[in-house]
Amino acid sequence: MLNKIFFNQKVLSIAIQSLLGVSLFSSMAHAEDTQPEKLATITVTASQTEHDQKSAPATISVITQEDLAKRPVYDLADALQQSAGIHINTSSAYGRKEIKIRGLDSDYTLILVNGRRVNSRDALTSNYSNDFDLSSIPLAAVDRIEVVRGPMSSIYGADALGGVVNIILKKPSEQLETAFNYSYELPTEGDDGAIHKASAYIGGSLIDNKLLANLVLEGVDQQAWRSEQSIYKNTDAAEKRKGFSILSNVSWLINDNQTLDVDLTHRSDDRKAVWNNYGLSFPTNIQEMDRTSVGLTYSANWNDINSRLRYYYENVDLMDNSEIITNLYKKTGDIQQTNHTVDAQLSGHIGEQHLVTGGAEFRKTELEHNQNLNGSASVNQTALYLQDEWKLDRLSLTFAGRFDDYDSFGSEFSPRFYSVYQVTDQFNFKGGIGKSFKAPSLSQSDPTYSVLACRGMCQVIGNPDLEPETATSYEFGGVYENDQFYASLMYFDNDIKNMIVSDGWRAGYRPKVMTYTNVHSASVKGVELESQYDVNDALGVKFNYTYSDAKNKDTDKELDYSPRHTGNMALDWRVNDALGLNLNYQYIGSQMLYVPAISKSQKSDDYHILGLSGQYQFNPSFTMQAGIKNLTNTKRDDVARSIDYILMGRTAFVGFNFKFRFVRCISLNNVRGCG
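In terms of full-length UniProt numbering, the sequence shown opens at residue 1 and continues consecutively.
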């Protein structure tokens, strides 16, 4: 114990000295100019066409590489932690996380990579807290993350009721560049919990002006963390994780108008935890997931008509050696989910006022499960969509609609209308209405598919008569932006019908077999405020606040795990050309949490989290990062801790980044040039 305390103090000391003490050497550093001219933030997710953030036909936020470099980020949940309208809920299943947009569960958030679905929801149901998708992409490969808050089924189809998170990956360039990152963090209380993360990037031209490629490697080693806050001290508050990713993209520039891209991603993600089974037992849960995806994309521009044809394949292979399930079925779970998708798209102007985008998609999902009743299930889905962006002087109108047909339950049509009015050069008024839907998953709709629940004491079987969940949503508000200041204020209202829920145990009702039904309706409405102010070239402030009133319309009660109030504030100070300091604050309001021991929901108090970090650039190639998360050592209240919702305490972290760009020089007619 004394060694642990001494080591924690040492790590804290190193972190603080790294942040503050290193500025003594600032006179020795020669950094490049870090104040470029401010450019508009270009986004593509709102309409699959380019728009700046202010005029995009949706409420959208962008997280850049620079934002990610200011704090320790280990997965997508960490990257989105301080975004407007988003609440990262740490589940009771050994520290796993889910993304909630505008008060809706993670199942209502569609995750994309370069506009393509990432999906393992059928391989590992939400009963086990599936956050494997959040760590499936190495962050070293990320160029930016675009977050659309609000329904987007008119373009992307099912599951986008709450919003869309689109991860845009780095594209290889002509210039050869390499990078290496390493980070380490350690909680100052509890038992272990150390996290090591390392990544490497290399990209450049294989054949000048013809063949470009990049390669990303990333590894994460997280030790299990045990906390004195846990009800049972011999269980893990955060699971042990080991992950390795490899991602590569090859881009063939056929000519000035045509490109062929091939990309490959493989991720191994192994996890182990001892968890609390209502205090009846403390089983060990071991899950190992291997995910492989391959994409082939052909892009062309013909007389200002942009076209795209692509195929992508995703295979998820899960070994589920959860002790309770393995003991019940007398064998280790082996689950495979395979997704095949083909889509085509055309986009171009008709006249001067209309930008029309249309496309078609076919997707096949197959699922095999050796612990399932039948062993396999599959579903086919086809879709057609059309969008017209109509520009009328200062008014822009977007009309969109998508028709989806599933062989499991039928078809859905998702229309959407959005308008943006440019009141002045700095201020836009925007708003819209749309319909969206969430299709039943294979595990929910296939009558031969069963999911173990009730901590291993019951089964939930699929219901073939399920209808898709649907939502009608609208929003309106204003966006203001000038060279120093950005602000957005939006009102939103989501009305959800046919919510799919599984039956559950309650007093006097404990069947061995249950199923899913369409029973609930819900409404989520509220206000989002987002702002950014650059006081000067050295000082900037970011702030966002969300009020969300999420209710079950059948009972008129608050939805569980949905705080009414959330907010974030960040202060960025560029002390000099080499040293930058960042102070961030997060507020999570009170919320209702379901407590199994008493079979009802209880109110959990609000809490605050403060973090300090900094970066020091020794030279253009080497940067060091250090800081402290949860600076005030905040803890959740008794209600949250009673269901093992444990907040990791004060944690120190350090890291560094090497980045090199290789300049090629050639001589021609005794004239030497570099570029």
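C-beta: ideal position from N, C-alpha, C; glycine also. Note that the structure is a prediction, hence the values are computed from the model and not measured.
Kindly identify the DSSP beta-bridge partner or partners of residue i.
i: N234; result: DSSP output for N234 lists no bridge partner at all.
i: E558; result: K551
i: I628; result: L612, A652
i: Q591; result: S604
i: W252; result: L211, L260
i: T59; result: R149
i: P415; result: G401
i: K659; result: A179
i: T515; result: I461
i: R117; result: L112
i: K364; result: H340, N380
i: V420; result: S396, K430
i: E239; result: According to DSSP, E239 bridges with nothing at all.
i: F437; result: T470
Could you tell me the distance, in whole angstroms, from the CA atom of residue i to the CA atom of residue j?
i: T515; j: Q222; result: 36 angstroms
i: G21; j: R71; result: Residue placement at G21 cannot be trusted, given a pLDDT of 41 that sits under 50; what the coordinates show is reported in the next sentence. Going by the C-alpha atoms only, they are around 18 angstroms apart.
i: V274; j: E228; result: 15 angstroms
i: L384; j: E361; result: 7 angstroms
i: I335; j: N119; result: 14 angstroms
i: A29; j: Q615; result: Because A29 carries a pLDDT of 35, less than 50, the predicted location of this residue cannot be relied on, and no value is offered for it.
i: I305; j: K210; result: 22 angstroms
i: R226; j: F282; result: 14 angstroms
i: A570; j: A123; result: 38 angstroms
i: E366; j: T448; result: 14 angstroms
i: T59; j: E475; result: 9 angstroms
i: R308; j: T49; result: 12 angstroms
i: F656; j: Y74; result: 14 angstroms
i: R661; j: L169; result: 19 angstroms
i: F399; j: N234; result: 56 angstroms
i: V479; j: V165; result: 21 angstroms
i: residue 676; j: K542; result: As displayed, the chain neither begins before 1 nor continues past 675, which places residue 676 out of reach and without an answer.
i: M499; j: N321; result: 31 angstroms
i: I163; j: T326; result: Here residue 163 turns out to be Gly, not Ile, going by the sequence shown. Rounded to the nearest angstrom, the two C-alpha atoms are 36 angstroms apart.
i: L253; j: V62; result: 28 angstroms
i: N285; j: K512; result: 22 angstroms
i: G477; j: Q484; result: 21 angstroms
Hey, residue i and residue j: beta-carbon distance below 8 angstroms or not?
i: T90; j: T651; result: no
i: S473; j: P151; result: yes
i: N181; j: A198; result: yes
i: E177; j: G203; result: yes
i: D261; j: N249; result: yes
i: A56; j: T64; result: no
i: Y585; j: L610; result: yes
i: F653; j: S183; result: yes
i: I99; j: L68; result: no
i: E239; j: K272; result: yes
i: L112; j: I155; result: no
i: Q439; j: Y406; result: The sequence shown places Ala at residue 439, not Gln. Contact: yes.
i: A84; j: T424; result: no
i: N257; j: N214; result: no
i: G333; j: L346; result: no
i: E530; j: N544; result: yes
i: L647; j: I628; result: no
i: L212; j: S251; result: yes
i: V356; j: G348; result: yes
Looking only at C-alpha atoms, which of the options sits nearest to residue i?
i: E218; options: Y545, S135, T297, R308; result: S135
i: D556; options: V524, R636, S120; result: V524
i: T109; options: L253, P138, Y94, V148; result: V148
i: Q426; options: K603, S488, A237, K100; result: S488
i: R116; options: S293, I350, V479; result: S293
i: I496; options: N518, V513, K512; result: N518
i: K171; options: H51, S411, S205; result: S205
i: G462; options: G478, N552, S445, S599; result: S445
i: A179; options: M289, V142, G157, D208; result: V142
i: A344; options: I588, S376, Y298, N315; result: Y298
i: V41; options: I88, G95, I145, R96; result: One detail in the question is off: residue 41 reads as Thr in this sequence, not Val. It is I145 whose Cα lies nearest to the Cα of T41.
i: D317; options: N568, M648, T338, I433; result: T338
i: Q287; options: G162, A140, F132; result: F132
i: W196; options: E530, G526, L215, A224; result: For the record, residue 196 in the displayed sequence is His; it is not Trp. Residue A224 is the option with its Cα nearest to H196.
i: K435; options: I643, H608, K364, A471; result: A471
Using a beta-carbon distance below 8 angstroms, is residue i in contact with chain D?
i: D404; result: Any reference to chain D falls outside this structure, which holds one protein chain only.
Check: Residue ranges of each beta strand (DSSP E) run of no fewer than 3 residues wholly in the region 269-340, ordered along the chain?
Finding: 284-302, 305-322
Review point. What runs of the alpha helix (DSSP H), each 4 residues or longer, lie entirely inside the region 68-105?
Key: 76-80
- Note down, one range per segment and in chain order, each beta strand (DSSP E) of at least 3 residues found wholly within the region 461-485. 469-481
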